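S.K.: Sequence positions in the sequence shown follow the working numbering and run 58 to 281.
What follows is a single structure, and I will ask about it in a moment.
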Amino acid sequence: MDAIVAPAGENTPGLRDWKTWFAAYDDPESPLVKRLAVVQDGIRRALDEAPAGTISVLSLCAGEGRDLIPVLAGHPRRADVRARLIEFDPVIAQVARDAAAVAGLDGVDVVTGDAADQALYGDYAPADLLLLCGIFGNISEADIHNTVSHAAHLTARGGAAIWTRHRHDPAVVPRIHGWFAEAGFADLWQSDADLPTTVYVAANRQEREPAPSPDDEKLFTFIK
Ligand SMILES: C[S@@+](CC[C@H](N)C(=O)[O-])C[C@H]1O[C@@H](n2cnc3c(N)ncnc32)[C@H](O)[C@@H]1O
C-alpha cells in the first residue's frame with residue numbers, strides 16, 4: 058500500500074520540511090547518533106526476545122527508517138518481521154523504501170501518509186513493536202497523552218513501545234511514563250541519564266490484551 062498524499066518534492070503548506078534534519082545522523086558526534094544507537098539496541102533486543110512467529114512492527118513518523126531498517130537487515134528474525142513505516146514526506150519516505158529494498162527486506166512496507174491517521178495502520182496493529190521516535194518533542198502534551206492512550210490499542214500484549222523525547226523540560230518525561238502506566242504498560246528500560254539533554258529513549262511493555270481503538274480520531278498534529 059502506498060497512500061501518496063503529496064507529490065514528491067513538494068511540501069504541504071504549514072508543514073516543516075524535515076529533509077535536512079537527517080544530516081545530523083552523518084555526524085558521529087551528534088546527540089542524534091547517540092539516540093539512534095539506543096533505539097537500535099532496543100529494537101534488536103525486542104526482536105531477540107520476540108516469541109516464534111510473525112513479528113508485527115509499526116513505525117510512526119518513520120523518517121528514513123534509520124532505526125529499524127539497519128537492525129532488521131542484520132537480524133536472524135528478519136524474515137519473520139512485517140513492518141509498516143509511515144512517513145509524511147514523500148522524498149523522505151522514498152529514502153526509507155529504497156533502504157529496505159537494498160537490504161532485501163520484503164516485509165517492510167513504507168507508506169507515504171499521515172502517521173496520526175489510524176486508518177493507515179491496517180492489520181499491523183496491534184503491533185509487537187511500536188516505534189514512536191522523534192514525535193513527542195514535536196507535538197503538544199495533550200497530543201502526547203492522546204498518542205500514549207491509543208498506544209494501548211496499537212500494541213499487542215507483551216509487545217513494546219519504544220519512544221523518544223528530549224529532556225529540555227525535565228518534568229515531561231515522568232508524565233509520559235505515568236501515561237504509559239495508566240494505559241496498562243510496564244516500564245521496560247530507559248536510556249542513561251548522562252546522555253545529552255536532547256536525548257531520552259524508553260521502552261514500555263503492554264501488559265494487557267489490547268481492545269480495538271475506541272475511535273478513529275487523529276492521534277497528533279506536529280506543531281514544530
Ligand atoms: C524528528 S523526525 C524523526 C524521524 C525518525 N522517526 C527518526 O527518529 O529518525 C520526524 C519525522 O516525522 C515526519 N512527520 C511529521 N509529521 C508527520 C505526520 N503527521 N505523519 C507522518 N510523518 C510525519 C517528518 O517528515 C520527519 O521525517
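For glycine and all other residues, C-beta sits at the position ideal for the given N, C-alpha and C.
All of these numbers come straight from a predicted model, not from anything done at the bench.
Given residue 61, which residues of its chain have a CB within under 7 Å of its CB, disregarding the five upstream and five downstream residues?
M.R.: Only weak support exists for where residue 61 lies, its pLDDT of 40 falling under 50; the value from the coordinates is given anyway. Same-chain partners within the cutoff: 147, 169.
S.K.: Taking the alpha carbon of residue 166 as the reference point, which residue from 87, 255, 251, 114 has its own alpha carbon closest?
M.R.: 114
S.K.: Considering Cα atoms alone, identify which of 183, 225, 123 is closest to residue 151.
M.R.: 123
S.K.: Would you call residue 14 buried or exposed, if buried means 16 or more other Cβ atoms sit within 10 Å of its Cβ?
M.R.: As displayed, the chain neither begins before 58 nor continues past 281, which places residue 14 out of reach and without an answer.
S.K.: Can you check whether the CB of residue 129 is closer than 8 Å to the CB of residue 135?
M.R.: yes
S.K.: Using the C-alpha atoms, what's the distance from residue 158 back to residue 133?
M.R.: 17 Å
S.K.: Within its chain, find whatever has a CB closer than 8 Å to the CB of residue 76; leave out the 5 residues flanking it on each side and keep chain order.
M.R.: 146, 148, 149
S.K.: Could you check what DSSP says for residue 166 in three-state terms: helix, strand or coil?
M.R.: strand
S.K.: Pop quiz: residue 261 and residue 244 are said to be a contact at Cβ under 8 Å. What is the actual Cβ separation, rounded to whole angstroms?
M.R.: With 8 Å as the limit, residue 261 and residue 244 qualify as a contact, their Cβ atoms being about 6 Å apart.
S.K.: Cutting at 6 Å between CB atoms, please list the residues of its own chain near residue 192, excluding the five before and the five after it.
M.R.: 118
S.K.: What is the residue span of the beta strand (DSSP E) that residue 220 lies within?
M.R.: 212-221
S.K.: For residue 242, verify whether its CB is less than 7 Å away from any heavy atom of ligand 1.
M.R.: no
S.K.: Taking all protein chains shown into account, decide if residue 111 is buried (16 or more other Cβ within 10 angstroms of its Cβ) or exposed.
M.R.: Burial call: exposed.
S.K.: List the residues that DSSP assigns as beta-bridge partners of residue 242.
M.R.: 263
S.K.: Can at least three beta-carbon pairs, one atom from the segment 265-276 and one from the segment 230-239, be found at a separation below 8 Å?
M.R.: no
S.K.: Return the Cβ separation of residue 181 and residue 221 in integer angstroms, given the expectation that the two are a contact with Cβ distance under 8 Å.
M.R.: Not a contact, Cβ separation roughly 20 Å.
S.K.: If you measure between the beta carbons of residue 174 and residue 281, is that distance less than 8 Å?
M.R.: no
S.K.: Taking a contact to mean a Cβ-Cβ separation below 8 Å, would you say residue 103 touches residue 126 in this structure?
M.R.: no
S.K.: What are the start and end residues of the beta strand (DSSP E) that includes residue 196?
M.R.: Per DSSP, residue 196 belongs to no beta strand (DSSP E) and is neither H nor E.
S.K.: Could you tell me the alpha carbon to alpha carbon distance between residue 200 and residue 189, rounded to whole angstroms?
M.R.: Straight-line measurement puts the Cα of residue 189 at about 13 Å from the Cα of residue 200.
S.K.: Thinking just about the alpha-carbon of each residue, which of 254, 162, 164, 137 is nearest to the one in residue 223?
M.R.: 254
S.K.: Going by DSSP in three states, residue 224 sits in which element: helix, strand or coil?
M.R.: coil
S.K.: Measure from the alpha carbon of residue 160 to the alpha carbon of each residue in 234, 176, 131, 225, then state which is nearest.
M.R.: 131
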